[in-house]
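Peer 1: Using full-length UniProt numbering, read the sequence shown as starting at 1 and increasing by one per residue.
For glycine and all other residues, C-beta sits at the position ideal for the given N, C-alpha and C.
Quantities reported herein were computed from a predicted structural model and do not represent experimental measurements.
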Amino acid sequence: MADNTRAAEIKRLDESIRKLADATNDSLHRLTDVTDRQATAMDGIKDTMTGITNLITTLNSKLEQLQEKNLPYGVFRPQRGSDPRPGVAIGDYVLDLSVIAAHGTFDGPILKGSDCFNQPNLNKFLAMGRPAWKEARAAIQNLLSSTEPKLRDNASLRQIALAPVGQVEMLLPIAIGDYTDFFSSMHHAKNCGTIFRGPENPIPANWFHIPIAYHGRASSIVISGTDIVRPRGQGHPHGGSPYFGPSVKLDFELEMAAIVGPGNELGKPIDVNKAADHIFGLVLMNDWSARDIQAWEYVPLGPFLGKSFVFSGTTVSPWIVTLDALEPFACDAPKQDPQPLPYLAEKISKNYNISLEVLFTAVYLHL
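#1: Quick check: the stretch 276-288 against the stretch 184-199, are at least 3 beta-carbon pairs closer than 8 Å?
#2: Going straight from the alpha carbon of residue 222 to that of residue 183, what length do you get?
#3: Take the Cβ of residue 263 as the centre, count every other Cβ of all protein chains shown within 10 Å, and call the residue buried at 16 or more, exposed below.
#4: Opposite residue 331 in the DSSP bridges: which residues?
#5: Is it right to say residue 317 is buried, meaning 16 or more other beta carbons lie within 10 angstroms of its own, or is it exposed?
#6: Just verifying my parser: in three-state terms, what is the DSSP assignment at residue 74?
#7: Any chance the stretch 157-170 sits against the stretch 65-84, with 3 or more Cβ pairs inside 8 Å?
#8: So the candidates are 124, 207 and 100; which of them puts its Cα closest to the Cα of residue 160?
#9: Under three-state DSSP, which class holds residue 60?
#10: Out of 321, 351 and 315, which has the shortest C-alpha to C-alpha gap to residue 332?
#11: Leaving aside the five residues before and after residue 224 along the sequence, list all residues of the same chain whose C-beta is less than 7 Å from its C-beta, in chain order.
#12: Using a Cβ-Cβ cut-off of 8 Å (strictly less than) and excluding sequence neighbours within five positions of residue 329, which residues of its own chain qualify?
#13: Measuring straight from C-alpha to C-alpha, what distance separates residue 84 and residue 162?
#14: Pull up the distance between the alpha-carbon of residue 156 and that of residue 150, whole angstroms please.
#15: Indicate whether residue 293 and residue 323 have their beta-carbon atoms separated by less than 7 Å.
#16: At the level of alpha carbons, what is the spacing between residue 438 and residue 249?
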């Protein structure tokens, strides 16, 4: 009887061991399957990471190429109290043009021996015209190329010629003697016309035939980052009497401004087909506008104090992007309808395909 009981227990034990073994094998199979899937997933992740790494490498390479092709000009101080000098932005650094000029970088027939980069602004360089601009651009691109050892292999020169852009003080790049604000965008003209004249007649007839512009206050142009003082002036609410006080309709206009180099002799206009030879480059411009003051004062002679504030009224970016750098973005200009008069008709009518955006933080302001 005892033998039968022991045999039954052994049988049950064998059955339990078999079930445990089956369960273990099943778990091992599932674990192997999970491991295989994990391995496959890891391979996918590795492939993705490799793709991302390659993409980043490609983007960095393209960014470096773009930076070497852009080369915007500005004026800066390396540290507080130092003399202003011209520079070119390259990545996270500003290349000091006065330093590289002293080391013989500009040895072409136009710039050799010139002190145009030892000035507190870019005016002298801009006045030299497009041949000098092209010569300078070629010399800077050559200096920054991977095959040129002058800067690449000279640590002491790099130390004095390259300043971290986050540590310098940017200034107005040029001394501005005159400033003309053009009313050149159809969308802007329509929006502003609706504000001041209503939707029935937003754009005057002459807008389609001649350049509409007014002369602004050059002395009120400041560098980006300068605090803007809310202007005080005279307004006239509908149905009320004129009043004097702070503007309650302070607006801005995102624009691009053309920086003109060589001018023209008095009484000798520049041919429209040669205009581009006089334009060095473009900057971003924020045309601050006190709409309530402007609406009351602009008839019949146009904007005055509503645009040119006593303390500051127009903000420009510190960097000038040259037309040479913008050439890859050139495109056909919008068709003019009606056709302009012959003196305004360009043989090659082009524009630049540039996307601009505005980011702002709204705050509650109590006056």
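Peer 2: Working from what's here:
#1: no
#2: Taking the first residue of the sequence shown as 1, we reach residue 222 at position 222. Taking the first residue of the sequence shown as 1, we reach residue 183 at position 183. Computed Cα separation, rounded: 21 Å.
#3: Within the sequence shown, the letter at position 263 stands for residue 263. So residue 263 counts as exposed.
#4: In the sequence shown, counting from the first residue as 1, residue 331 sits at position 331. Residue 331 pairs with 351.
#5: In the sequence shown, residue 317 corresponds to position 317, counting from 1. The residue in question, residue 317, is buried, as its Cβ has 16 or more Cβ neighbours within 10 Å.
#6: Indexing the sequence shown from 1 puts residue 74 at position 74. Three-state result, residue 74: strand.
#7: yes
#8: Along the sequence shown, read from residue 1 onward, the residue named residue 160 stands at position 160. Checking every option, the nearest Cα to that of residue 160 belongs to 100.
#9: Locating residue 60 in the sequence shown gives position 60, counting from the first residue. Only weak support exists for where residue 60 lies, its pLDDT of 49 falling under 50; the value from the coordinates is given anyway. Residue state, collapsed to three classes: helix.
#10: Along the sequence shown, one-based indexing puts residue 332 at 332. Looking at the Cα atoms, 351 is the closest of the given residues.
#11: On the sequence shown, position 224 is the one that residue 224 refers to. Hits under 7 Å: 315, 316, 317 and 318.
#12: Within the sequence shown, residue 329 is the residue found at index 329, counting from 1. Around residue 329: 352, 353 and 354.
#13: Taking the sequence shown and counting its residues from 1, the one referred to as residue 84 is at position 84. Taking the sequence shown and counting its residues from 1, the one referred to as residue 162 is at position 162. Cα-Cα distance, rounded: 15 Å.
#14: Within the sequence shown, numbered from 1, the residue matching residue 156 stands at position 156. Within the sequence shown, numbered from 1, the residue matching residue 150 stands at position 150. Straight-line Cα distance between these residues: approximately 11 Å.
#15: The residue you call residue 293 lines up with position 293 of the sequence shown. The residue you call residue 323 lines up with position 323 of the sequence shown. Not a contact, by the Cβ cut-off of 7 Å.
#16: Examination of residue 438 is not possible in this model, given that the chain is present from 1 through 367 alone.
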